[in-house]
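Here the sequence shown stands for residues 4 to 118, where the numbers follow my numbering. Even for Gly, the Cβ is constructed at its ideal location relative to N, Cα and C.
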Amino acid sequence: MTPSITLLKKLSLLLVLIFLTNIAIADTADGKKIAFDRTKGNCLACHAMDDGDMPGNIAPPLLAMKARFPDRAVLKAQIWDATVKNPISMMPPFGKHQILTEVELENLLDYLYTL
């Protein structure tokens, strides 16, 4: 392999990594907007989290989410419909009632896993 081809492959890989990183950052930012949006996630109404102002205190703080929910599917199911595990949960079934789209839910999960 010539040095120029090797360099070209390395540059291509670097560009792909930069592109994927930018997508992840955008998804995280979109997820934070959803979490703070009163017409969408509105997580602050019940949860203390990140840099939110005047959080609620009727639900657990959203911290160390990767440690608390190492299986992303479990957290997704909780947000989708918390009444499955707890029939008297006050948490709205964000997925089941189509409050959040699938994409919005994935973006929210991306953000929550940064906490």
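Sheet register partners of Leu65 (DSSP bridge): Met52
Mind checking whether Met68 and Leu115 have CB atoms under 8 angstroms apart? yes
Quick one, which of Ile82, Lys88, Phe72, Asn60 has its alpha-carbon nearest Glu105's? Ile82
Closest by CA to Lys43, which one among Pro73, Met94, Leu66? Met94
Starting from Leu118, follow the alpha helix (DSSP H) in both directions and report where the run begins and ends. Segment: none, Leu118 is in no alpha helix (DSSP H) and carries neither H nor E.
Can you tell me the Cα-Cα spacing of Asp74 and Asp54, whole angstroms? 25 angstroms
CA-to-CA distance, Asn45 to Ala85, given in whole angstroms: 15 angstroms
Could you check where the alpha helix (DSSP H) with Ala80 kicks off and where it finishes? 75-83
Suppose the cutoff is 8 angstroms on Cβ atoms and the five residues either side in sequence are ignored; what does the same chain contact list for Leu47 look like? Ala38, Phe39, Gly55, Asp56, Met57, Pro58, Gly59
Would you kindly work out how many angstroms separate the C-alpha atoms of Ile91 and Thr9, rounded to a whole number? 60 angstroms
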